[in-house]
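Taken in order, the sequence shown gives residues 1 to 307; the numbers are from the numbering used here.
Reading through the structure tokens given below for one structure.
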Amino acid sequence: PQYVGVTNGELNHAMRLLAQADVILTLGARVDYRLGHGRPPAVARDAKFIRVDIDAEEVTRTLTPEVGIVGDPRSVLEQMAEWVLCEGRKPHTAWLRKVRKAHEALVQKWAKLGHEDVCPVPSIRIVREIRKFLDRDVTFLLDAGNMGRWAHMTLFNRHPSHWLTCGASGVVGWGLPGAAAAKLANPKKPVLLLSGDGAAGFTVAEIETAMRFKAPYVAVIAHDSAWGIVADGQPEGRHVASEFGEIRFDRVAQALGAKGVFIESPTQLAPAIERGLKEDTVTVIHVPTQLAGVSHWEKRFGRGIAQ
């Protein structure tokens, strides 16, 4: 109930308030580019860090915290909560209301987008259709740049360790082999992957590997014929080294022995995922999508869309 989004100020205005925090507690989280490396302007110059991680080396990586604790984050947090109750400390409800209000305002703005039944499908509509499946016991993987930004804005992890995403380095291309690995690690649990076309292009041949090892999953590949996160930040009509040609990933999947599905309407996506999760094979769902990311909507509505 206290969740207010991902640590990315461009996408979540609530996280911009992080710069006003006196103390920042990280629980098993890396202090990397997603947190501004723990330096201004992402955080206040005099902000104090408390870092909790099961990996001793991670506790002091990037910066040395005022308090470093090596331990299981859940256990440490439970002990902290017990201490707070014993001390009779009261929560900073005014601060929490301020942060939640900022986040809720942003969510309401994004909720107005992508409801039209058109193809190419709006990226946020693809994510919205996938959201219907995340209340289930499904392992969800995210391997994308532009699509990843939409997903982090609008999806919420309902179950512990059910949402797998990239790290801070080498961030795209792991999704297709990762989906097979997730299935092999837990064969009874359905696996759903959302991938961009650029990311999928890195390791598309691993579809055959999954077929060979009998590791079925559903891969939704959003195709905008570009490195969307790069092109989105470039001037319109002046895209440099960020576009590529038409690739029919559904047909590539079929050539590798898997099932391929081509989406012609947003209303086809959820039923295709539903069928794919019941199949005993790899299902690749090719979804043509619009090349329009966060920067596009900021230009259209003003920067207030991300504020």
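C-beta: ideal position from N, C-alpha, C; glycine also.
Model, not experiment: these values are computed from the prediction.
Discussion item. Quick check: the Cα distance between aspartate 280 and lysine 112, rounded to an integer number of angstroms?
Written reply: 37 Å
Worksheet entry | When Val171, Pro235, Arg30, Val191 are compared against leucine 63, the one with the closest alpha-carbon | Arg30
Worksheet item: Are the segment 99-115 and the segment 191-207 touching by the rule of at least three beta carbon pairs closer than 8 Å?
Response: no
Fill in: Per DSSP, cross-strand counterpart(s) of threonine 281
Threonine 281 pairs with nothing; no bridge assigned.
Worksheet item: Measuring CA to CA, which of Met153, Val218, Arg149 is closest to valine 138?
Response: Val218
Worksheet item: Helix, strand or coil: how does DSSP classify glutamate 87 here?
Response: helix
Worksheet item: When you compare only the Cα positions, how much space is there between alanine 102 and valine 252?
Response: 43 Å
Item to complete: Leaving aside the five residues before and after alanine 19 along the sequence, list all residues of the same chain whose C-beta is less than 7 Å from its C-beta, in chain order.
Response: Pro41, Ala42, Val43, Ala44
Worksheet item: What residue does the alpha helix (DSSP H) around histidine 103 start on, and which one ends it?
Response: 93-110
Worksheet item: Any idea what DSSP makes of lysine 259, helix, strand or coil?
Response: strand
Worksheet item: According to DSSP, is glycine 201 helix, strand or coil?
Response: helix
Item to complete: My understanding is that valine 121 touches threonine 283, with C-beta atoms under 8 Å, so please give their C-beta distance in whole angstroms.
Response: No, valine 121 and threonine 283 are not in contact; Cβ-Cβ is about 18 Å, not under 8 Å.
Practice prompt. Take the Cβ of leucine 176 as the centre, count every other Cβ of all protein chains shown within 10 Å, and call the residue buried at 16 or more, exposed below.
Written response: buried
Discussion item. Can you find the residues in the same chain that come closer than 8 Å, C-beta to C-beta, to glycine 302, ignoring five residues on each side of it along the sequence?
Written reply: Interpretation of glycine 302 is limited by its pLDDT of 47, a score under 50 that renders its predicted location unreliable; no figure is taken from the coordinates.
Worksheet item: Can you tell me whether DSSP reads phenylalanine 249 as helix, strand or coil?
Response: helix
Item to complete: Identify whether leucine 134 lies in helix, strand or coil by the three-state DSSP scheme.
Response: coil
Discussion item. With distance defined between alpha-carbon atoms, name the residue in Ala21, Val127, Leu141, Trp227 nearest to tryptophan 95.
Written reply: Ala21
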